[in-house]
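Below is one structure, written out as structure tokens; comments come after it.
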Amino acid sequence: MSFCVRPLRAFLGATSALLPLAVHAQEASQLPQVDVEAGTPADAVASAPVTGRTLSEADIRRLQLSTSDTAALLRWIPGVSANSGGGFSSMPVIRGLNEQRLRITVDGSPIDFACPNDMNSPLSYTDPQSIHAIRVVPGVAPVSMGGDNIGGIIAVESAAPRFATGGGTLLTGTMSAFYRSNGDGFGGAAQLTVAGERLSATYTGSYTQSDRYKGGGDLGLVRSTEFAKTDQALALAYRSDIGLFRLKGGYHFSPYEGFANQAMDMVSNTSWFLNFGYEGEFDWGSAKFTADYRDTDHEMNFLKDKMPANMPMNTEVHTFSTALRLEFPVSRHETLRLGGEYHHQWLNDYWPPVAGSMMMGPNTYLNVNAAHRNRLGAFAEWERHWSDRLSSVVGVRLDHVTMNTGNVQPYSTSMMNMDDAMAAMAFNAVSHARKNDNWSASALLSYAPASGVAIELGYAHKARSPNIYERYTWGRGAMSSRMIGWYGDGNGYFGNLDLRPERADTVSAAIEFQGAAQDWSLRIAPYYTHVNDYIDAVFVKKLTGSMMTAFPWVQLQFANQGAEFFGVDVSGHATLRKGADRDATTLTASLAYVHGQNLSDGGPLYHQMPLDIKVGLEHRQGALEAGVDFEWVAAKNRVDATRNEPRTAAYALVNLRVAYTLGPVRLSVEGENLFDKAYSLPLGGVSLGDYKATGTLRPVPGRGRSVNVGVGVSF
Amino acid sequence: MSLVGFGPLAPRVVALAATTLLHALAVAALVVAYGARETGKTAQPLRLTLMTLSAPPPSRPVRPLHKPADAPRRSPERQTAAIPAARASAVPVSALPASPEGSALAPLPVPHAANAVVAQPEPPPPPIAEPADMMAAYRTLLSRHIRAGRPRASALRGTVLIAFRIDRGGTLLASDIAGSSGDPNLDRIALRMVRQASPMPAPPAGLAAAQLAFVVPVAFH
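Spelled out as structure tokens, the structure:
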């Protein structure tokens, strides 16, 4: 490779010499140090707008004891909620817009849909024990943060590579382990970095597993909630004279994950990836290039609570994406960003025949036959700092999406499969190729009129094309359609070749006040989003069992609807007492309200979080940290009638936690749901694992009391 | 996983290869275009040389960027910037004599030094009231001017020492990295910031030409 590196290095070296290097060596005066740091919030308008929030490593370490589900961590950010999936596969929602409408990246790489129930959601490939930070920016996010979404971005980030300084070798790492009494959950993680001045290698590994948990009060066992998984990754970074090169490879395996609100469970999920990245700085600006590949093999069937039954469902997905991003500082206060992106998803979803089954055989059910979804995106964005107090960033992007899939087939064409056979015939009779040109634009204005005050106004028009399952699933049988859907409602869904891309217009504002020395803060962020062609579902028919027995489910078809969302996120903190060093007693509070409305049928949208208020009190004294968190969630009475969404009652939870740091060791104990409150998850859907065993349909209960203990060590 | 599972191979390989090639071509074109332009401008090739920097004559002493515990003391007649090389074997540390004013040609240094130190003047020269005040004010002005064009979203951390020289109109004549942070990307960001700051505020008429060379520590927090 040196044959190309040498000339490249010569060119890059030359580009960093804007001016002749020969100068008079003469007496030089030293200027006062120039400090480059985020001054007012206006400084970070393009990278960390006021509207967005970041969960820092300290936040994550504090919260990870209670959950192995990364999306559940994000619930602590006002405006973010999580639709229940498996024990580590919740699907995040930002301001009412669910995961399929978000761009979720892990270390900058997007992870594709690889299951008709979205069991292996992007965040399921992350473990809270190993995450450095999570950045969340809602729908007005600058277009440079990614296209093909209308609801915003979630960026999970590992720690930046570390290098030794001053010669020698850097050896650093962390190890952690935990135990949760409710469900006998346990796990551990290790991170080890070995680095010289130029080369850095970081290994990250984690394992976690849990049995089924118990609901609060007298709600008893919640079936189909067990899980186990491991994630392993090795990241290499090389700091050369021409920039930083990164290579990261990883492996994920989950042998089982129960899904309380799905007809199926995950019985195996294997995924590996390879990410390459380059970042270089030059006189003309900066360049960033990434190329990623991921391969996923996903298998569904039934775990013990849904036995006896057998119905294998397999999904294979390959993803390749590459992106180039260039930044040109066209003046001292302006930056022009240009970028291009190519994303390729290939998906095969098939259900092998079941020996001896009249219904599931004799052929393989081709749910999605070698579909692909390619996206070519390009953006231009202009960032301008009008002064230290006023900044703006405006951008436009185009995403060209092409999709196609092969012909499909049902298990058989017998009478038992007649609905599917006719649907397959109709599906195969038409062309499946689709393409969309999706324009997006965003504008953010950030103004800090005085010290400690920041105002941000944003507008964005965003678009996303339907995903493969929304467009290409076709089975109209009661059983086959109930295998499709990530809503946890038990209903059957099938796709729609005529779906148009969703187009959302969002206006948002955020105003933030901060007291001197950050003793207090208050942030208020209202928003409104109108979505044209929102992909919802419309009623097709009531479902019946094979013997025409009554089912509590309905069959729905994906369809474009009108929708709107509005609400407000409020958060703040006040330091009640401040001692030496970091000693302090701090009160935190947040409130999130969202209202989602289907403008086509006039009813409430599905899975909209009711009013959620959180209050926390944290006390830190030397090595001791103690905190109490209180959460109150209003009753969910605005429910989607189309899906028979269950109502849930209001509830209040109290968590108590204590941590003590002894040198490099941190010990923590937590009482989660301290009073063992019985409650139902407002976004949990219906408990199908329990229904199979008891015949009683109920919303999925939340976890009852759990005593969690953890230990972490850094070296 | 099998190749059958991977789907039709040929179109995918072509698409991926074409996309990667397009990106590579875009980068190469930019690099070549700028490289050719800048190479044309560059009078001399990049050279690694240490530069002698004098402490300012005014009453306000130059603050060491990272003062070693046993910082060598130097004579007040020739205050030099000791710039320890990060890799001493590659770039030997030496204090070169200052070139005579106007005679030109010692190249500005590009030492890849982890810690650049400008030695303390000792004892401080007798204060010369007006030029000293003028110089102090001008240095502060320059520093503020450079900071005004700072990058707003760099996630990198470290301190870079940039040396530069301006003419009497404030136009940048030369600039380079005098003390590396250890991260070449961060060094270039700091250098770019200083270069973009040109033209800088013109120096006051009372300052001698000898006083138009500066070093500035740029600290990314």
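Heads up: the protein sequence lines correspond to chains A and B, in order. So for the first sequence, our numbering puts the first residue at 431; every next one is plus one. So for the second sequence, our numbering puts the first residue at 7; every next one is plus one. In this text, a Cβ means the ideal position worked out from N, Cα and C, and glycines have one as well. Only a predicted model underlies this, so the values are computations on that prediction, with no experimental measurement involved.
Distance between residue j and residue i (C-alpha atoms, nearest Å)
i: R145 of chain B; j: L664 of chain A; result: 47 Å
i: I419 of chain A; j: A143 of chain B; result: The first residue shown for chain A is 431 and the last is 1145, placing residue 419 of chain A beyond what the model contains.
i: G597 of chain A; j: A589 of chain A; result: 22 Å
i: I152 of chain B; j: Q463 of chain A; result: 10 Å
i: M391 of chain A; j: F518 of chain A; result: No answer is possible for residue 391 of chain A: the residues shown for chain A start at 431 and end at 1145.
i: I490 of chain A; j: A512 of chain A; result: 16 Å
i: A1123 of chain A; j: T843 of chain A; result: 32 Å
i: P223 of chain B; j: L167 of chain B; result: 4 Å
i: A1089 of chain A; j: T604 of chain A; result: 17 Å
i: F220 of chain B; j: P205 of chain B; result: 14 Å
i: P90 of chain B; j: G626 of chain A; result: Bear in mind that a pLDDT of 34 at P90 of chain B, under 50, signals an unreliable position, so the number given afterwards is only what the model happens to contain. Looking at the two C-alpha atoms, the distance is approximately 19 Å.
i: R1050 of chain A; j: T1091 of chain A; result: 11 Å
i: H830 of chain A; j: T535 of chain A; result: 20 Å
i: A154 of chain B; j: T177 of chain B; result: 17 Å
i: L532 of chain A; j: D139 of chain B; result: 57 Å
Helix, strand or coil at residue i [DSSP, three-state]
i: P127 of chain B; result: Model confidence at P127 of chain B stands at a pLDDT of 40, short of 50, so the residue's coordinates are unreliable and nothing is read from them.
i: Q948 of chain A; result: helix
i: N418 of chain A; result: Residue coverage of chain A in this structure runs from 431 to 1145, which leaves residue 418 of chain A outside it and unanswerable.
i: A571 of chain A; result: coil
i: Y1109 of chain A; result: coil
i: N191 of chain B; result: helix
i: L649 of chain A; result: coil
i: S630 of chain A; result: strand
i: Y1121 of chain A; result: helix
i: Y923 of chain A; result: strand
i: I152 of chain B; result: helix
i: V200 of chain B; result: helix
i: L461 of chain A; result: coil
i: E900 of chain A; result: helix
i: E656 of chain A; result: coil
i: A211 of chain B; result: coil
CA nearest to the CA of residue i, picked from the options
i: D182 of chain B; options: B:V200, B:G176 and B:T165; result: B:V200
i: V1147 of chain A; options: A:A993, A:T556, A:E587 and A:S560; result: Absent from the model: residue 1147 of chain A. The displayed extent of chain A is 431 to 1145, so no value can be given.
i: A967 of chain A; options: A:A946, A:P982, A:T1005 and A:G915; result: A:G915
i: L197 of chain B; options: A:W950, A:E711 and A:A585; result: A:E711
i: R906 of chain A; options: A:D919, A:Y923 and A:K892; result: A:Y923
i: V1099 of chain A; options: A:V510, A:S551 and A:N1085; result: A:N1085
i: R1096 of chain A; options: A:W983, A:Y964, A:S881 and A:G1140; result: A:G1140
i: S951 of chain A; options: A:Q991, A:H960, A:S1001 and A:E994; result: A:S1001
i: G6 of chain B; options: B:P137, B:M141 and B:A225; result: Shown here, chain B extends from 7 to 227; a query on residue 6 of chain B therefore has no answer.
i: Y633 of chain A; options: A:P591, A:Y902, A:F981 and A:V1130; result: A:P591
Interface residues of chain A facing residue i [CB-CB closer than 8 Å]
i: A211 of chain B; result: Within chain A, no residue comes near A211 of chain B; the closest Cβ sits about 17 Å away, beyond 8 Å.
i: S186 of chain B; result: Here the premise fails: no neighbours, minimum Cβ distance about 11 Å.
i: R153 of chain B; result: V464, D465 and V466
i: A138 of chain B; result: Going along chain A, no residue has its Cβ under 8 Å from A138 of chain B, so there is no contact; the nearest lies around 11 Å.
i: A208 of chain B; result: Near A208 of chain B there are no residues of chain A at all, since even the closest Cβ is about 16 Å away, more than 8 Å.
Cross-chain neighbours of residue i in chain B, by beta carbon under 8 Å
i: A474 of chain A; result: R158 and A159
i: R767 of chain A; result: Result: empty, since nearest Cβ-Cβ is about 11 Å, beyond 8 Å.
i: P546 of chain A; result: Near P546 of chain A there are no residues of chain B at all, since even the closest Cβ is about 17 Å away, more than 8 Å.
i: H815 of chain A; result: R158
beta-carbon residue i near the ligand MN non-hydrogen atom, thresh 7 Å
i: A980 of chain A; result: Looking for the ligand MN in the displayed structure turns up nothing, as the structure carries no ligands at all.
Cross-chain neighbours of residue i in chain A, by beta carbon under 7 Å
i: D189 of chain B; result: R669
i: I195 of chain B; result: E711
i: R174 of chain B; result: Here the premise fails: no neighbours, minimum Cβ distance about 14 Å.
i: P205 of chain B; result: By Cβ distance, chain A contributes nothing, its closest Cβ being about 11 Å from P205 of chain B, past 7 Å.
Proximal chain B residues relative to residue i, where beta-carbon distance stays under 7 Å
i: L674 of chain A; result: N191
i: S1117 of chain A; result: Correct list: empty, because the minimum Cβ distance to chain B is about 35 Å.
i: S477 of chain A; result: A159
i: R755 of chain A; result: In chain order: nothing, as chain B lies at least about 10 Å away.
Contacts that residue i makes with chain A (C-beta to C-beta distance below 9 Å)
i: A143 of chain B; result: Here the premise fails: no neighbours, minimum Cβ distance about 11 Å.
Q | Continuous beta strand (DSSP E) assignments of at least 3 residues falling wholly in the region 667-746 of chain A | A | 673-687, 695-712 and 715-731
**Q.** Ranges of the beta strand (DSSP E) found wholly within the region 734-821 of chain A, counting only runs of at least 3
**A.** 743-761, 764-781 and 795-815
Q. If you scan the region 1030-1081 of chain A from start to end, which runs of the beta strand (DSSP E) of 3 or more residues do you find wholly inside it?
A. 1042-1051 and 1054-1063
**Q.** Contiguous beta strand (DSSP E) assignments of at least 3 residues, all confined to the region 938-1015 of chain A
**A.** 950-974 and 980-1008
Q) At which residue ranges does the region 510-583 of chain A contain complete beta strand (DSSP E) runs of 3 or more residues, listed in the order of the chain? A) 510-513, 521-524, 533-536 and 563-568
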